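Novice: Okay, handing you the structure first.
Number of protein chains: 2
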Amino acid sequence: MLLLIAVTSKNEGKQCTMLENIFGLILKEIRSEKNISQEKLAEFSNLDRTYISLLERGLRQPTLTTIFKLSAALQITPQELIHKVYESYQHAKK
Amino acid sequence: MLLLIAVTSKNEGKQCTMLENIFGLILKEIRSEKNISQEKLAEFSNLDRTYISLLERGLRQPTLTTIFKLSAALQITPQELIHKVYESYQHAKK
DNA sequence: AAGAAATGCAGACTATAGTCTGTGGATATT
DNA sequence: AATATCCACAGACTATAGTCTGCATTTCTT
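So the sequence lines, in the order shown, correspond to chains A and B.
Just so you know, we're using this note's numbering here: the first sequence kicks off at 2 and counts up by one.
Just so you know, we're using this note's numbering here: the second sequence kicks off at 2 and counts up by one.
Written as structure tokens, this is what we have:
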């Protein structure tokens, strides 16, 4: 399990939320465990490669459809993905 | 459990996806079970009342943040919410 | 060390999420 | 029946998700 560092990054004055960061970290973690590149994940999920990068860096957050696409590509259920995010989020809120 | 009818509704030529519809139906179901109005749900989740309506009719889909807000307001975990959506989605795909 | 692969980044763009206002129809309450 | 509550709907708007291109930097492989 990742050591969570609550990093706040800046994007043109827009402050990323903790949730977006956590989602990104979890996404990157799972992708790495599956040993696939962002490019492969993008291909499998039918999303743009650079968007995967944006997600992992917490600069974007996914919609429902994107969550379903990503989890399918990672071969986990969307609830598993969200559960991991939720757990980290609850932990980080303490 | 709702009897799922795969209804495709139109919005200015934009076709709603099955997933958006299913999310909307599940959201409405849970809200009704909790016996609260759209207005109350909107208030508890800090979202716009008309947007709750749009979601329930499948005319919009939520982002991650919105999923977390809604589930908190409904007093369920986000993974529980997504799980229900996933189950219905898998069922409807057959 | 060189080359290939992977990823970050900026900029511009399209598509759509989310808000707000006003109005009217449907349903519930009195 | 009258009134209150609930919700759909249209229209306009702001904010942001997601795409695409080009290029730089980093990481990995040989």
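A virtual CB, placed ideally from N, CA and C, is assigned to each residue, including glycine.
Nothing here was measured: the structure is a model prediction, and the numbers come from that model.
Between H84 (chain B) and chain A, is there a C-beta pair that is closer than 8 Å?
Specialist: Output row for H84 (chain B): interface = yes.
Novice: Taking 7 Å as the limit between beta carbons, can you name the residues of its chain near Q91 (chain A), skipping five residues before and five after?
Specialist: There are no such residues.
Novice: Which residue wins for smallest C-alpha separation from G25 (chain A), given the options A:F45, A:K95, A:Y52, A:K35?
Specialist: Looking at the Cα atoms, A:Y52 is the closest of the given residues.
Novice: If I measure Cβ to Cβ from T67 (chain A) and keep anything under 6 Å in the same chain, skipping five residues before and after, which residues do I get?
Specialist: Nothing meets the Cβ criterion.
Novice: Going by beta-carbon coordinates alone, are I83 (chain A) and Q39 (chain B) separated by less than 8 Å?
Specialist: Result no, Cβ atoms of I83 (chain A) and Q39 (chain B) do not sit closer than 8 Å.
Novice: Relative to the C-alpha of E57 (chain A), which candidate in A:S89, A:K94, A:I23 has its C-alpha closest?
Specialist: Checked all of A:S89, A:K94, A:I23; the closest Cα to E57 (chain A) is A:I23.
Novice: Would the region 27 to 42 of chain A and the region 41 to 48 of chain B be scored as touching if the rule is three or more Cβ pairs under 8 Å?
Specialist: Output reads no: the region 41 to 48 of chain B does not touch the region 27 to 42 of chain A.
Novice: Starting from T64 (chain B), follow its DSSP beta bridges and name the residues at the other end.
Specialist: DSSP lists A:T64 as partners of T64 (chain B).
Novice: Taking only the alpha-carbon atoms, compute the straight-line gap between Q76 (chain B) and I31 (chain B) and give it to the nearest angstrom.
Specialist: Using only the alpha carbons, I get a separation of about 10 Å.
Novice: Within the 8 Å Cβ cut-off, does Y52 (chain A) reach chain B?
Specialist: Closer than 8 Å: no.
Novice: So for R32 (chain B), helix, strand or coil by DSSP?
Specialist: Note: R32 (chain B) maps to helix in three-state DSSP.
Novice: What residues in the region 58 to 75 of chain A bring their beta carbon closer than 8 Å to a beta carbon of chain B?
Specialist: Residues passing the 8 Å Cβ filter: Q62, P63, T64, L65, T66, I68, F69.
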